[in-house]
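Report on one structure; see the data block that follows.
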Amino acid sequence: MLITKRVEFSASHVCRSPLLSDRENEEFFGLAANPHGHGHNYAIEVTVEGNPDPVTGMVVDLKKLKDVINRKVVDIYDHRFLNHEVPPFDRIVPTAENIAIDVWQRLAPHLTKEYGRLHAVRVFETPDLYVDYFGDAA
Amino acid sequence: MIRVTRKYRFSASHRLHAAVLSDEENRELYGKCDNPYGHGHNYEIAVSARGPLDPRTARVLDPAVLDRLVQEQVLRPFDHRNLNEEIPEFRGSVPTTENLANEIFRRLEAHWKSTFPADGPALEKISIAETPRNIFEVSEIHGQA
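Following this line, the structure appears as structure tokens:
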């Protein structure tokens, strides 16, 4: 069974790759390359997989899962300029793809057996654009 | 591998009426959807592509490139149109949302290779909501479109 917890945060970022020239960055990233940055209302959906516990009838305690996501991700990302304030985005471009990988890496070590198995991280950059990451194995 | 999904919207009218069935059978089968004057929906489509991260841009694809493809192949021909009258593929088939999903997938797949690099993203699936309560998903073309 899959269970999904959704959280939201707001942050600014700029999409420029040091591997590209200024002209290439503007060509690839368009408005998102504006060096002053711009913001989004992001949403993250964390999906875990497991079977309902025979006693509690729950796969995971959603309050506990929410607390982990808030502590390890939302508190760190919310109302920040990702490139300047949240490593590793001082070194890698904070695209939605890289944010999904970073969320996975921040959560995975803390999601012990009682949280089920981490199945997917979905990052909405806008309501119309989102990415899904399933860990390295997928 | 990472999956990227982008949502788009268009509005169109259609009539569900199968030429091989009698008028009575059509009314029985399709109900209100068989109204000879047609009726409309606000469709929402979600296009999902799966691929590796481009090491230079840290993205699976350029959303602007996908936007152009969907705009040219789907939104421009379908938006504010009568699907039965104005889309050649529906002259001979019923524009159910199943057939519409197949047709949108076919159009995107036909132009995918000329739009994205060979080692880039693959078209994984599309889903189409005829209304917020009726949603159809295809990852390959099913049956007779």
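In order, the protein sequence lines correspond to chains A and B.
All residue numbers for the first sequence refer to this note's numbering, where the first residue is 1 and numbers rise by one.
All residue numbers for the second sequence refer to this note's numbering, where the first residue is 139 and numbers rise by one.
Just so it is clear, CB atoms sit at the ideal spot from N, CA and C, and this is done for glycine as well.
From which residue to which residue does the beta strand (DSSP E) around residue i run?
i, result
"L82 of chain A", "Taken as a continuous stretch (DSSP letters only), L82 of chain A belongs to no beta strand (DSSP E), being part of the alpha helix (DSSP H) at L82 to E85."
"E45 of chain A", "H38 to E49"
Among the options, whose alpha-carbon lies nearest the alpha-carbon of residue i?
i, options, result
"I242 of chain B", "B:K251, B:S277 and B:N220", "B:S277"
"V143 of chain A", "A:F9, A:H38, A:R117 and A:H79", "Residue 143 of chain A falls outside the range modelled here, since chain A spans only 1 to 138, and no answer is possible."
"L154 of chain B", "B:W250, B:I264 and B:D172", "B:D172"
"W250 of chain B", "B:L167, B:T235 and B:R188", "B:R188"
"M139 of chain B", "B:A256, B:V203 and B:P190", "B:P190"
"T195 of chain B", "A:R80, A:G30 and A:H79", "A:G30"
"E114 of chain A", "A:A33, A:D61 and A:E85", "A:D61"
"D22 of chain A", "A:A33, A:S12 and A:E85", "A:A33"
"R141 of chain B", "B:Y175, B:H177, B:S151 and B:V185", "B:V185"
"I273 of chain B", "B:P226, B:T235 and B:E227", "B:T235"
"E97 of chain A", "B:H152, B:E275, B:P201 and B:L167", "B:P201"
"R106 of chain A", "A:N83, A:K72 and A:L82", "A:K72"
Suppose the cutoff is 7 Å on Cβ atoms and the five residues either side in sequence are ignored; what does the same chain contact list for residue i look like?
i, result
"E247 of chain B", "L261"
"L354 of chain B", "Absent from the model: residue 354 of chain B. The displayed extent of chain B is 139 to 283, so no value can be given."
"T269 of chain B", "H179"
"I279 of chain B", "N240, F243 and R244"
"R117 of chain A", "V48, E49 and G50"
"V86 of chain A", "I76, Y77 and R80"
"V158 of chain B", "none"
"D102 of chain A", "P88"
"N253 of chain B", "Rather than Asn, the amino acid found at residue 253 of chain B in this sequence is Thr. Same-chain partners within the cutoff: V203 and L207."
"A156 of chain B", "N164 and V232"
Can you tell me where the alpha helix (DSSP H) with residue i in it begins and where it stops?
i, result
"R71 of chain A", "No alpha helix (DSSP H) contains R71 of chain A, which DSSP labels as neither H nor E."
"H249 of chain B", "T235 to W250"
"F254 of chain B", "F254 of chain B -> no alpha helix (DSSP H), and no H or E assigned at all."
"A100 of chain A", "A96 to L107"
"L207 of chain B", "P201 to V208"
"N164 of chain B", "D161 to Y168"
"E224 of chain B", "L221 to E224"
By Cβ distance below 6 Å, which residues in the same chain neighbour residue i in space, the five residues on each side in sequence not counted?
i, result
"V141 of chain A", "With chain A running from 1 to 138 in the structure shown, residue 141 of chain A is simply not present."
"A120 of chain A", "T47, D132 and F134"
"M1 of chain A", "V59"
"T4 of chain A", "E45 and T47"
"Y168 of chain B", "L154"
"A150 of chain B", "F216, R219 and L221"
"A138 of chain A", "Residue placement at A138 of chain A cannot be trusted, given a pLDDT of 47 that sits under 50; the coordinates are not used to answer."
"N41 of chain A", "S10"
By DSSP's criteria, residue i is part of a beta bridge. Which residues make up the other side?
i, result
"S21 of chain A", "None; S21 of chain A has no bridge partner."
"L118 of chain A", "A:V48"
"S265 of chain B", "B:A184 and B:E275"
"Y130 of chain A", "A:F124 and B:T143"
"S10 of chain A", "A:N41"
"G298 of chain B", "Since the first residue of chain B shown is 139 and the last is 283, residue 298 of chain B is not available in this structure."
"L2 of chain A", "A:E49"
"S149 of chain B", "B:N180"
"R197 of chain B", "B:D192"
Can you pull the chain A residues whose beta carbon is under 8 Å from the beta carbon of residue i, in chain order?
i, result
"P201 of chain B", "L129"
"V198 of chain B", "E97 and V131"
"L261 of chain B", "The premise fails here: L261 of chain B is roughly 15 Å from chain A at the closest Cβ pair, so nothing lies under 8 Å."
Using a Cβ cut-off of 9 Å, pull out every chain B residue sitting near residue i, in sequence order please.
i, result
"D132 of chain A", "I140, R141, V142, T143, S186 and R188"
"V46 of chain A", "The contacting residues do not exist; V46 of chain A stays about 15 Å from chain B at best."
"S10 of chain A", "Within 9 Å Cβ-Cβ: nothing; S10 of chain A doesn't reach chain B, min ~20 Å."
"V93 of chain A", "T195, A196 and R197"
Against residue i, what residues of chain B qualify as contacts under a CB-to-CB distance less than 7 Å, listed in chain order?
i, result
"L20 of chain A", "R194"
"G30 of chain A", "A202"
"A33 of chain A", "Here the premise fails: no neighbours, minimum Cβ distance about 11 Å."
Please compile the residues from chain A whose C-beta is within a distance smaller than 7 Å of the C-beta of residue i.
i, result
"L191 of chain B", "E97"
Run down chain B in chain order and give the residues with a C-beta less than 8 Å from the C-beta of residue i.
i, result
"A100 of chain A", "I140"
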